[in-house]
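S.K.:
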Amino acid sequence: MAKRTPELKRIVRRYRAQIEKMGIQPTRILLYGSQAAGAPREGSDIDLIIISSDWKKYNQRQRLELLGIASARILESVHAQGFTPDEIKRKKIAPFWEQIIKEQAVAV
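Counting in the working numbering, the sequence shown runs from 121 upward without gaps.
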C-alpha cells in the first residue's frame, strides 16, 4: 500500500493549493499508480484523481489543461485526472477509471 512520505505529502499539498487558486475546491484527492502501490521508482510521477463538483463547468480537455498547468507551476511530475462526485457515483466515467478508483486508489 502507499507509503505516504513527507515529500509526497508536501507535493500533494502544493498541488492542491495550485488547483484551489484556479477555483477548483477538491472534495477528495486519490493517489493511484506506483506511488499508491508503494513501489515508486526513481523518477516516478505522482498519479492523482481530483474529485470536485467544480469540474462540472469544464469539459475533459479543459480539466486536463488546468491540471497540467497546476503541475507545471509547482515544477513536479504530477499526472492528474479530474472528475465530479456525480460522474463517479453515476458511473459516467470510463470503466478503466472506475476500476482504478475501486481497486487501486487511496485517499491522500
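Glycine residues also receive a C-beta, built at the ideal position from the N, C-alpha and C atoms.
(1) Since E196 and I131 are thought to touch, with beta carbons under 8 Å apart, how far apart are those beta carbons, to the nearest angstrom?
(2) Are the segment 198–210 and the segment 166–175 in contact at 8 Å, needing three or more beta carbon pairs?
(3) Relative to the alpha-carbon of I213, which residue among Q224, Q180, G188, A137 has its alpha-carbon at the smallest distance?
(4) As an exercise, report each continuous alpha helix (DSSP H) stretch of at least 4 residues that is fully enclosed by the segment 144–194, in chain order.
(5) If contacts are defined as beta-carbon pairs under 8 Å, then I221 and L151 qualify, I think. What distance do you get, rounded to the angstrom?
(6) How many angstroms separate the CA atom of R148 from the CA atom of R136?
(7) Please classify F216 as buried or exposed, where buried requires at least 16 neighbouring CB atoms within 10 angstroms.
(8) To the nearest angstrom, report how far apart R183 and I144 are at their CA atoms.
M.R.: Considering the structure as presented:
(1) Confirmed, about 5 Å.
(2) Segments in contact, yes.
(3) When only C-alpha atoms are compared, the closest one is Q180.
(4) As far as the segment 144–194 is concerned, its whole alpha helix (DSSP H) runs of at least 4 residues are 154–157, 180–194.
(5) With 8 Å as the limit, I221 and L151 do not qualify as a contact, their Cβ atoms being about 11 Å apart.
(6) R148 and R136 have their C-alpha atoms spaced approximately 10 Å apart.
(7) Exposed.
(8) R183 and I144: Cα-Cα distance of roughly 10 Å.
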